[in-house]
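Using the numbering used here, you'd call the opening residue of the sequence shown number 6 and step up by one each time. No residue lacks a Cβ here, since even glycine has one placed at the ideal position from N, Cα and C.
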Amino acid sequence: MKKYLKYLVVLAVFLAAGCAINAAPADKEAFAAADDVQHLRQIITADSTASRTIMWQADKALPNPLAEYRTANGEIKQVPAASAELAIGSGKIYVYTAELTGLEPGAKYNYRAGYEGSRTEWQELKTASGGDFKALIFPDSQSSDYSGWQKLAQTAYAKNSDAEFFINMGDLVDNGYDLNQWNAWFNAVTPMIERIPLAPVMGNHETYTLDWQVAMPTPYLTFFNVPESGSSNQNQYYSFDYNDVHFTVLNTQTDEMDEFSPNLMAEQLAWLRNDLASAKAKWKIVLMHKDILRYAFTDRPNNFDTATIQFNPWAQQFMPLFDEFDVDAVLTAHLHTYRRRVPMKNFAPDNSGTTYILTGVAGSVRYAQLWQRNPADAALAPQPEDANYLTLQKTDRSLTFKAYLPDGTEFDSVTITKERT
6 MKKYLKYLVV
16 LAVFLAAGCA
26 INAAPADKEA
36 FAAADDVQHL
46 RQIITADSTA
56 SRTIMWQADK
66 ALPNPLAEYR
76 TANGEIKQVP
86 AASAELAIGS
96 GKIYVYTAEL
106 TGLEPGAKYN
116 YRAGYEGSRT
126 EWQELKTASG
136 GDFKALIFPD
146 SQSSDYSGWQ
156 KLAQTAYAKN
166 SDAEFFINMG
176 DLVDNGYDLN
186 QWNAWFNAVT
196 PMIERIPLAP
206 VMGNHETYTL
216 DWQVAMPTPY
226 LTFFNVPESG
236 SSNQNQYYSF
246 DYNDVHFTVL
256 NTQTDEMDEF
266 SPNLMAEQLA
276 WLRNDLASAK
286 AKWKIVLMHK
296 DILRYAFTDR
306 PNNFDTATIQ
316 FNPWAQQFMP
326 LFDEFDVDAV
336 LTAHLHTYRR
346 RVPMKNFAPD
356 NSGTTYILTG
366 VAGSVRYAQL
376 WQRNPADAAL
386 APQPEDANYL
396 TLQKTDRSLT
406 FKAYLPDGTE
416 FDSVTITKER
426 T
């Protein structure tokens, strides 16, 4: 009789677990190691207080791919993963995406990826709290040898383990169709990218094929499923809120993309106006790969007046919207040099205007003393330039950007203030 009652109890528990919505098997269930899962990563979402995107890839199609996350009380929930095939190099890989939603603000979770009978190790996940935060910002990481980029990324994260997400400002790799370079890039940012989400920016090198022709940047667009933009050019530009900062991420590769997206600039300008007009956050920051200013070469003739501030064509279209909607800061990259500019408005220095920061270089591709100083430059990196990274510290009344050398030496800082609202 006792044996029969024990059987009924076990059966009841089993049935209850089977009927639970999104309930997963108990954590004590034995799983094989998910050795086929590569480059597990967190990607930023539109609202990081309540959601997170989990992605990974594999060399073969995985049966029943999924992500699991565990709450503080030990409950494990499952989320099926969508899959995409990516032809790259001489073969193809499979990229998986799981969207975790309904999360609690400021909460700690564990998550893992897996497939039929196999799971990865648990990783950390923390949602945004709605308050102050720190973020890491990396300029172009494209490299011929990614060991330097790896050391910089690892050191920056070790010194800023309280960072809640990180940004890479475009040209993540030197060649967007080289899988070996992507593997090196992902390895360089692990375990950081497993623990905090990435907000990626697309650069021109993401559009280059193995024979250095321009193509649709399909690998980049597949590797990073960013928030929906409502555009046919999904994953090329997007926006997200992190607490009370609204981030707008633009695509400046209009020249490279002209053959594939001839209306990219017009469509993006209309989207940008709507995005900035509808933003409810206290602060606005724009991220874009190519810089706003034209820089004169130090060792060759220049075909413009180098004594005055000259603007690139895309800047002439974007900047009036930055002025109209009071964008607080614009971060750029591409030139592999660090320059913080005087605040600008209406294409001229103005202390009430937007702060523009050309973020520098994080990879091994350097343009040593290639550019002259621009009249708008307020601060430069120590010369000759080394790699660098930045932090963003947000409080209720201020945004502070700090720039660091690889050893953690601070070489520039600027704070933007705003009254409490």
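Reduced DSSP secondary structure (H/G/I, E/B, other) of residue i
i    : result
D417 : strand
L203 : strand
F323 : helix
L215 : coil
A63  : strand
A189 : helix
D145 : strand
N209 : helix
P354 : strand
L184 : helix
T422 : strand
M262 : helix
D52  : strand
P30  : Confidence at P30 is low in this model, with a pLDDT of 45, below 50, so its placement is unreliable and the value that follows should be read with caution. It is coil, neither helix nor strand.
E73  : strand
D328 : helix
Own chain partners of residue i with C-beta closer than 7 Å, once the 5 adjacent residues on each side are dropped
i    : result
D167 : K139
I5   : Outside the modelled stretch of the chain, which goes from 6 to 426, sits residue 5, for which no answer is possible.
T214 : Y182, A220
A31  : Only weak support exists for where A31 lies, its pLDDT of 49 falling under 50; the coordinates are left without a value.
N69  : Y120, E121
G136 : N248
Straight-line gap, residue i to residue j (C-alpha atoms, nearest Å)
i    : j    : result
K164 : G413 : 8 Å
H251 : F245 : 6 Å
Y394 : E34  : 42 Å
A25  : N115 : Here the model assigns A25 a pLDDT of 33, short of 50, so the residue's position is not dependable and the matter cannot be decided.
Q186 : S146 : 11 Å
N248 : F330 : 19 Å
S403 : K287 : 10 Å
T257 : N268 : 13 Å
Y120 : Y99  : 13 Å
T420 : Y361 : 12 Å
R200 : A89  : 23 Å
H341 : S56  : 34 Å
A158 : D280 : 31 Å
Y300 : S148 : 23 Å
A373 : N192 : 27 Å
L292 : T195 : 23 Å
G111 : S53  : 9 Å
D179 : L397 : 26 Å
D176 : T50  : 21 Å
W376 : T160 : 28 Å
A75  : T106 : The question names Ala, but residue 75 in the sequence shown is Arg. Cα to Cα, R75 sits roughly 13 Å from T106.
Reference residue i, options the options, closest by Cα
i    : options                : result
E211 : L203, M221, P202       : M221
I290 : T132, T342, I172       : I172
V370 : E109, Y151, A133       : Y151
R345 : T422, L385, L226       : L385
M207 : G153, K113, M262, K350 : M262
N379 : D310, Q241, L141, E264 : D310
D355 : P387, D333, L91        : D333
P144 : T400, D391, T422, Q398 : D391
E424 : A161, N308, D401       : D401
K131 : P389, T364, L108       : L108
E264 : Q218, M324, R305, I81  : Q218
Any non-hydrogen atom of the ligand ATP within 6 Å of residue i CB
i   : result
T54 : The ligand ATP is not part of the structure shown, which contains no ligands of any sort.
Contact set for residue i: own chain, Cβ-Cβ below 6 Å, skip 5 residues either direction
i    : result
E415 : K407, Y409
N78  : none
Y243 : V231, P232, S234, V254
H339 : H294, K295, D296
S418 : K407
P85  : L71
A118 : V42, L45, W61, A72, T125
I198 : R46
D328 : K350
Extent of the continuous beta strand (DSSP E) run through residue i
i    : result
K156 : No beta strand (DSSP E) holds K156; the alpha helix (DSSP H) holding it covers 152-164.
T253 : 250-254
T364 : 360-364
E129 : 128-131
E104 : 96-105
D382 : 382-385
H44  : 43-48
I81  : 81-85
G111 : That residue, G111, is in no beta strand (DSSP E); it is neither H nor E in DSSP.
Where the alpha helix (DSSP H) containing residue i begins and where it ends
i    : result
T223 : 223-228
E272 : 269-283
T195 : Element bounds for T195: n/a, residue is neither H nor E.
Residues near residue i in its chain [Cβ-Cβ closer than 8 Å; skip 5 each side]
i    : result
L238 : A small correction: the amino acid at residue 238 is Asn; Leu does not occupy that position in the sequence shown. Closer than 8 Å at the Cβ level, and outside the excluded window around N238, lie N256, S266, L269, E272, Q273.
S357 : P348, K350
F302 : L375, W376, Q377
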